[in-house]
Structures are given as structure tokens and as C-alpha cells.
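Going down the list, the protein sequences come from chains A and B. Counting along the first sequence from 1, when you hit position 298 you're at 348 in our numbering, and nothing is skipped either side. Counting along the second sequence from 1, when you hit position 116 you're at 132 in our numbering, and nothing is skipped either side. Glycine included, C-beta positions come from ideal geometry on N, C-alpha and C. Take a look at the structure set out below.
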Amino acid sequence: MENALTVENLSKSYQRRLRQPGLLGAVKGLFASRFEEVQAVKGLSFSIGRGEKVGLIGENGAGKSTTLKMLTGIIVPTGGKLEVLGHIPWKERRQLALNIGVVFGQRPQLLWDIPVEETFKLLKTMYRIPEDVYQAVYGEALHRLGLEPLLNTPVRHLSLGQRMRCDLAASLLHAPAVVFLDEPTIGLDLSVKEQVRGFITDIQAKFGITLLITTHDLKDITETCDRLLLLDKGKLLFDGSIRAFEQKYASDRRIVAETHKPVEASAAQALSQAVGKSGGKVIEAEGHRVVVEYHEEGAAPALIHLILQQLQVVDINLEKTDIETIVTRIYRSDTAKA
Amino acid sequence: MFNELKIYWATFNASLQAKLEYKLDFALGLLTSSMLQLSAFCFLWVLFHQTSNLEGWNQAQVLLLFGLTAMALGTSELLFNHIWMVPYYIVMGDLDRLLVYPVRSLPFLLVSRPELHSFGNLLTGLVMIVVSLSTLHMPWWDWALVPLWVASGGVIYMAALVIFASLAFKFVGPYSYTLMIPHTLLQATRYPLGVYPPWVHFGLLLLFPYGIFNYLPANWVFGKMDSPLCAVAAPLVAVLFAALAQAAWNWGLKHYQSTGS
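Next comes the structure, spelled out in C-alpha cells:
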């Protein structure tokens, strides 16, 4: 597969002004400022093939946005190599911009004063979008994102959700080869989130777009992406499929059974011995509830069989740790270490 | 190149149309800027009540300096006023959105927020120029030089603002008032430069070359200086200064840090 973008040993550090407390400190700062160097991204390497759908996650300050801004040519890296669609972003920003689409959920992109429809027309001129491509995306966007009633409104009068939908449409109008979405669903209500994800998925499939999404809402990723990059303090902690991610970090699965009568201690002990041989472990047996934990994929049928044999069960459920819990766990263990 | 100009024109056009939707804003802007010009003129009028000439310049002659300066200011405000927002954009990280478009960021930024009160400056400036020059009996081709001086002035002033705004990339902080320096100095060139001490006089010809588009042409028109260079230096300096502004901007962009997320 041809690569859409390659990043090699990429790093970025900032100079951050150190503030002294109080008004006196601020006045002193006018004359002599002290700086501290902040490493936002440290030696990042990965590549993304054409048409891949990749989610980039990480805690606040992990370096997601900084990485995205380097990939789009907005800021200049401190070190390392990067190439997007054969261009070095910060050197060939304009040529690259013709072939990529960018949305910053936190920041409006469209020109403030101009009505939405005028902006779209302007973009058509700017990107030299062929009529058929324009009509295809524009039509789809109007329909799927419900933009019709917004067309005559100046951008600054739009609500966050409306603006986000317009921004998204605007960034996709020229059917770019690579699309970068930085928190595309931030602050949106659930139905708009669904709308946005659905539109992204469809347009991606239609034009074979390469997608890189950063987000804190993991549903954005599970619903639109196949691959996951986990950034932590400017370094790559995980790179692989979402399935591989779950297998690596969420090997614990559970069977939760609800019994007809409260479970007696002797019954619990008997069950514990039985499931132990099949790779399970009773981690809870209280009142009407029994929880068996296991790790091996495919162990479930045998374990369920054993539970049904030994107990009078009224309900049984399989639980898998969801991706959100896994990620929270990773962040937390990380903070504990730090 | 042609295609790019088309994009900038379309951007300016759409932005101006959007601004003109606000009719009250337009009327107030027109009124305020005209009043500002008129109050400056009143001061001039009082001044000439006390003395009949200012370093050898009579009132009608000084009026040409006033007019050229007002029209250059108006031109720059109409076409390039967005530059005033740059220090603020840099601090807020709001320049990101300009940098994702496939166009040169500087001209695109400049033309995307026209200022309506510019029309007041353009209008009063025009009246002053016409009143001043009608005292002479100039051939028509001399009149044709006036738009050239005004346009050059607009570009030179814009370039000075861009250079000062570019400094904000590196020195992010409470420095947005630095743009007032080129602005205030422009207002100073409404008077014959001879009234100032020599270092100010030459500063306004060489460092901030505003004198090139108002003082030198006025000297030439009123026969105080003979060299035709006085009449045509303005566009040359404008091109040079614009290139310098672009270089300053490019230097600034390399230091752009944006902000977190």
C-alpha cells in the first residue's frame, strides 16, 4: 500500500515564558523574561497508507494537536522528517493544502463575516473544484448535515453545532485525499455527533479518503476508524488495529450470572474449583450475583456450561471491558507512575 | 498568478458585501472618520490664523499633504485593515485557520476584513486634494499621478503595519499597541517634514518612507523641488517596501507556535 503520510523521529519543542507571580512579577517579566523548553512531541514515527482510517488519542497535552499542526504545515517541526502526499508540509504548505482537508473542532475555520453559502462558493474558486465533485459533496453535505437553513447566515451567528457541520462540509468540498479532523465532535449533542460520524464515514468510503482523527470521544474512533495510535507525553504508546488494542489492554472478560437463590458458600467453592480447570476464576459470589473472570478467547462456552450445570441461573451476561475503560485505565496508571 | 489574484478579489468582494449588510455601522463609520479628518483640518485652520505660512508652505499646499495622507490611510483601511487583528490572532492561535488554505497567507489575511470607515477617509481626502490642486492650473496628466501616489501610500503604510505585526510572532505578549507606531507616524506626515527636527524629517523619508508618497510629490507639484524623481519614486518604494513586508511575514510564520489544541 502506498503511504499517504510518513513521520520519522518527529519532534517539536516550544519555548514557554515563565511567569513570575503577581503584578510586580509581570512588570519584571517585561524587562527580563525567562523561558523554559517544553517538549511536546518526542521522536514520533509512524506511517499511514492511502485510504486508511486512523484515530489518534492521548491525554490533554500528549502532543496530538501539535502533531496535527506539523502534518498540516501550520507549525515547523524542531526535528525529524515528515512527508504528506509527497510534500514536506511546512515547506510546501500551499501545494499540500490543495489536497488535504482540515477541521479544528476547537476553532472556527470559516471566515467570520461571510455567509456560509458565499464561503462555499469562495472555496470552490480557491480549490478550483470541478463542478461534478463540488455538486456531489455539496449535495451530500446539504442533505446529510442539514445545512440548507444555515446557508444565508454569517458564520459568527452560527451555534457551535451548526458551525461544526459547516466547517466539516467546507473541509471536504474539494474531496481531499487526506483529511485531518481535530476533535470533530467536541461540544456537540449526541444526535449531531451521530450525524457528523455518519457523514465522515460515507464521504470517506465514497472518495477513498485517508482519515486521521484526534478526539477524546472514543466512539468517534470506534465508529469511523480501523486503526489506533495512542500518544503519551509526546511518544507513541500503541499503534495497531482497534481489535489488537483491545486484546493487548483488555484481556479480562467476565461472565455475570444472576441466580434464582442466594449462592451458598459451599456452592461457590465447588464452582470455583470447576471453573479453575477451564481457565476461569470466581471473583465475586454474593447474594444472587456470581462473576467469573477469564482471559482466553474462546473459553466462554465451557465456563457458561459449568455455571449452568452447578447453579440455578435466571440471567447470564458476557462483559468485555470497553475501550473507554481501557483508555482511562492507561491514562490513570500513567499518572500514578508520574 | 492571475488565478491567485482572482481568489483575493473574490475574498475581498465577499467580505465587503458582508460588511455592507450593516448599514448603521457603515453610516457611523463614515461619520466618525470624516469627523476625525475635519477636526484635524480645524486645527490646521486655527494654525494658519496665527501664521500665513509653515516653513514656506501655505494652507492650500498643506491641504494636499492632508488629502494624500487621508486617502492613503483610507485605501489601506479598505483593502488591508485585517492586519490590525494579527497580534491578537497570534496570541489566541487563531492564525491556524488561515494556514490551511492553499493561498498565500498574507494577502489572503489582508483582504478578508475591509473596514467601512475607510470611505470617510477616502472621501474627505479626495475633497482636500481637489481643493488644494484647483489653486494650480495643472495639465491633466499631472492629475493622473494622484491615484498613483495614493495607491503607493496605501501600500507603504500597509507594509509598515505588516512589519510591526510580524514582530508579534516572535515576541508574543502585550505588544499589540506596537501597530500604533506606524499609524501615529503616518498622521505626523500631514505637515511639511521641514517643521520637524532633521532626524524625524529623514526618518519619515527613509525609515518610515511616508514622505515619499506625500511630501516629495507635493514639493514637486508646487515647484519646490524640480527632480521628476520626486513624482515617481512612490510606486518604486511601495514595491520595495511590500517585498520587505512579505519577508518579515515569512520570518514571523516560521516562529508561529499556535496554541495548545
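- Bounds of the alpha helix (DSSP H) holding Asp158 (chain B) are Trp156 to Trp159.
- By the criterion of at least three beta-carbon pairs nearer than 8 Å, the segment 36-56 of chain B is in contact with the segment 137-157 of chain B.
- Taken in chain order, the members of the segment 108-125 of chain A whose beta-carbon sits within less than 9 Å of a beta-carbon on chain B are Asn110, Gly111, Lys114, Ser115, Thr116, Lys119, Thr122, Gly123, Ile124 and Ile125.
- Rounded to whole angstroms, Leu358 (chain A) and Asp232 (chain A) show a C-alpha spacing of 48 Å.
- Between Ile259 (chain A) and Leu106 (chain A), the C-beta gap is not smaller than 8 Å, which leaves the two residues out of contact.
- Legend: CB atoms of the segment 156-190 of chain A lying less than 9 Å from CB atoms of chain B belong to residues Gln156, Arg157, Pro158, Gln159, Leu160, Leu161, Trp162, Asp163, Ile164, Pro165, Glu168, Thr169, Lys171, Leu172, Leu173, Thr175, Met176, Tyr177 and Arg178.
- From the beta-carbon of Ser31 (chain B), the residues of chain A found nearer than 8 Å are Leu161, Asp163 and Ile164.
- Residue contact with chain A for Ser168 (chain B): absent (no Cβ-Cβ distance below 8 Å to any residue of chain A).
- Asp267 (chain A): not part of any alpha helix (DSSP H); DSSP gives it neither H nor E.
- Beta-bridge analysis with DSSP links Ser291 (chain A) to A:Arg277.
- For the pair of segments examined, the segment 226-244 of chain A was found to touch the segment 113-122 of chain A: the number of CB pairs separated by less than 8 Å reaches three.
- Closest option to Leu114 (chain B), judged by alpha-carbon separation, among A:Ala294, A:Val364, A:Ala186 and A:Gln159: A:Gln159.
- Assignment of Ala225 (chain A) by DSSP, reduced to helix, strand and coil, places it in the coil class.
- Under the 8 Å criterion on CB atoms, Tyr64 (chain A) is classed as interfacial with respect to chain B.
- Distance from the CA of His310 (chain A) to the CA of Phe288 (chain A), rounded to the nearest whole angstrom, comes to 44 Å.
- Around the Cβ of Glu102 (chain A), a 10 Å sphere holds 16 or more other Cβ atoms; the residue is buried.
- The beta carbon of Lys22 (chain B) falls within 8 Å of a beta carbon belonging to chain A, placing the residue at that interface.
- In summary, the residues of the segment 131-150 of chain A whose CB is separated from some CB of chain B by less than 7 Å are Arg143, Arg144, Ala147 and Leu148, in the order they occur in the chain.
- One alpha carbon belongs to Gln297 (chain A), the other to Trp265 (chain B), and they sit about 50 Å apart.
- Closer than 9 Å at the C-beta level to chain B, one finds these residues of the segment 202-213 of chain A: Pro204.
- Along the segment 237-267 of chain A, none of the residues has a CB nearer than 7 Å to a CB of chain B.
- The C-beta of Asp217 (chain A) has 16 or more other C-beta atoms within 10 Å across all chains shown, which makes the residue buried.
- Here Leu95 (chain B) carries a helix assignment [DSSP, helix/strand/coil].
- For Ala160 (chain B), no Cβ of chain A is located within less than 8 Å of the residue's own Cβ.
- Burial check for Glu198 (chain A): the Cβ neighbour count within 10 Å stays below 16, so the residue is exposed.
- Contact note: Thr27 (chain B) reaches chain A through Leu172, using a C-beta cutoff of 7 Å and chain order.
- Comparing alpha-carbon positions, the option among B:Leu152, B:Phe124 and B:Gly136 lying closest to Leu173 (chain A) turns out to be B:Phe124.
- Taking a Cβ-Cβ cut-off of 7 Å, the neighbours of Val152 (chain A) in chain B comprise Val116, given in sequence order.
- The Cβ atoms of Leu74 (chain A) and Leu132 (chain A) lie no closer than 8 Å to each other.
- Judged by DSSP secondary structure, Gln89 (chain A) falls within the beta strand (DSSP E) whose first and last residues are Arg84 to Gly99.
- Leu63 (chain B) and Pro198 (chain B) have their C-alpha atoms roughly 25 Å apart.
- By the Cβ test, the segment 91-101 of chain A is in contact with the segment 61-72 of chain A, since at least three Cβ pairs between them sit closer than 8 Å.
- Taking the C-beta atoms as reference points, Ile305 (chain A) is found nearer than 8 Å to Ala350 (chain A).
- Within the DSSP secondary-structure output, Ile376 (chain A) pairs in no beta bridge.
- Checking the DSSP bridge columns, you'll see Trp73 (chain B) partnered with B:Leu70.
- The DSSP-derived three-state label of Val313 (chain A) is coil.
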